[in-house]
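Report on the structure given below.
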Amino acid sequence: MDTIKALDSVGVVIDANSMACQRVERLNIASLIDEIFSQGLVVLKGFEPLCDADMELVAKEIGPLLRWDFGYVLDLKIQEQPQNHIFSEGKVELHWDGAFAAEEPRFNFFQCLQSSSTSGGGETTFLNTTRLLESLPIDTIEQWKQIKIRYETEKKAHYGGVIEVPLISRHPKTGKLRMRYIEPFNEDNMAVNPVETQVIGYDSYRSDTFLKEMNDLLYSSRYFYKHSWSKGEFVLVDNLALLHGRSRFEGSGLNRHLKRVHIL
Numbered sequence: 001m002d003t004i005k006a007l008d009s010v011g012v013v014i015d016a017n018s019m020a021c022q023r024v025e026r027l028n029i030a031s032l033i034d035e036i037f038s039q040g041l042v043v044l045k046g047f048e049p050l051c052d053a054d055m056e057l058v059a060k061e062i063g064p065l066l067r068w069d070f071g072y073v074l075d076l077k078i079q080e081q082p083q084n085h086i087f088s089e090g091k092v093e094l095h096w097d098g099a100f101a102a103e104e105p106r107f108n109f110f111q112c113l114q115s116s117s118t119s120g121g122g123e124t125t126f127l128n129t130t131r132l133l134e135s136l137p138i139d140t141i142e143q144w145k146q147i148k149i150r151y152e153t154e155k156k157a158h159y160g161g162v163i164e165v166p167l168i169s170r171h172p173k174t175g176k177l178r179m180r181y182i183e184p185f186n187e188d189n190m191a192v193n194p195v196e197t198q199v200i201g202y203d204s205y206r207s208d209t210f211l212k213e214m215n216d217l218l219y220s221s222r223y224f225y226k227h228s229w230s231k232g233e234f235v236l237v238d239n240l241a242l243l244h245g246r247s248r249f250e251g252s253g254l255n256r257h258l259k260r261v262h263i264l
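Going by our numbering, the first residue of the sequence shown is number 1, and it counts up by one from there.
Take a look at the structure:
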């Protein structure tokens, strides 16, 4: 695709202002899908906004949609009494979407309708796990291939349950190694729906030590990226390769409003 710029070490930006195309639905969808799988994260800037119905139509051009209790389009806004911590002002741990669902979405499709990014915090965090694993020593990879982790959290809103997942597996489309990991020890989530995490076969001390070291490694990686949202942006994420989360909101006057659709 034309008019593509690299975004740190995790993805690319496509800017409509230097293209003839100003509508997301007029992009070459096959090329866009290839770009998402190739880069992991695609940010679309300068395109015209989409209403919920049109956002669904664009998403359906990419693939079937995952329907939740609320429908296809999720409103991501801060709530005063959130059932799920993604609606709180606190930090959201690194995770992948659909971890506790019957089906795991291939892509996350976001649209930013409003943002107070200048207030500080609230950035969406991304980690490109395929690129991280490609950068690590073979001995580390072989050790991690033996790791399986159990995650448990009470089901609230559309999130929760019990799963046991290998730390490393193959990306079902690209065949590359990728990580499936839900970051533990998130103090901002202890009161809403904390996730209990245990490395299978490890005692509590050994498990906690491994997980804390893993957290440190992920956040210090060059493939970790914080995205400050601007009104009008769209973001497409390879949910099968990347983990994502959110920084804690800081300051006052917070008004960020995102829309999200899951694409299978």
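Glycine included, each C-beta is placed from N, C-alpha and C at the ideal position. From a predicted model like this one, the values you see are computed outputs, not experimental measurements.
Checklist entry - So is Arg170 buried or exposed if we call it buried at 16+ other beta carbons inside 10 Å? => result exposed
Next on the checklist: Just to confirm my understanding: we take Pro49, look at its own chain, exclude 5 residues before and 5 after, and list those with CB closer than 8 Å. What are they?
Outcome noted: Gln111, Leu113 and Gly232
Item to check | Rounded straight-line distance, which links the Cα of Arg23 to that of Leu217 | outcome: 39 Å
Item to check | Trp144 versus Arg246 - alpha carbon distance | outcome: 25 Å
Next on the checklist: Here's a check: name, in chain order, each residue in its chain whose Cβ is nearer than 7 Å to the Cβ of Phe100, leaving out the five neighbours to either side.
Outcome noted: Tyr159, Gly160, Gly161 and Ile163
Item to check | Cβ-Cβ distance between Ile36 and Asp238 below 7 Å | outcome: yes
Checklist entry - Do Gly122 and Arg256 have their C-beta atoms closer together than 7 Å? => result yes
Next on the checklist: Going by beta-carbon coordinates alone, are Leu167 and Ile141 separated by less than 7 Å?
Outcome noted: no
Item to check | Gly120 versus Ile14, Arg248 and Arg260, residue with shortest Cα-Cα distance | outcome: Arg248
Checklist entry - Are the beta-carbon atoms belonging to Ala59 and Phe126 less than 7 Å from one another? => result no
Item to check | Cβ-Cβ distance between Leu264 and Leu76 below 7 Å | outcome: no
Checklist entry - So what does Lys155 bridge to, in DSSP terms? => result In the DSSP output, where bridge partners are listed per residue, Lys155 has none listed.
Checklist entry - If you run the structure through DSSP and keep just helix, strand and coil, what is Leu211? => result helix
Checklist entry - Based on the DSSP output, what are the partners of Ile33 in its beta bridges? => result The partner list for Ile33 (beta bridge, DSSP) is empty, contrary to what the question assumes.
Next on the checklist: Is the separation between the beta-carbon of Ile14 and that of Ile4 shorter than 7 Å?
Outcome noted: yes
Next on the checklist: In this structure, how does DSSP classify Thr197 when only helix, strand and coil are distinguished?
Outcome noted: strand
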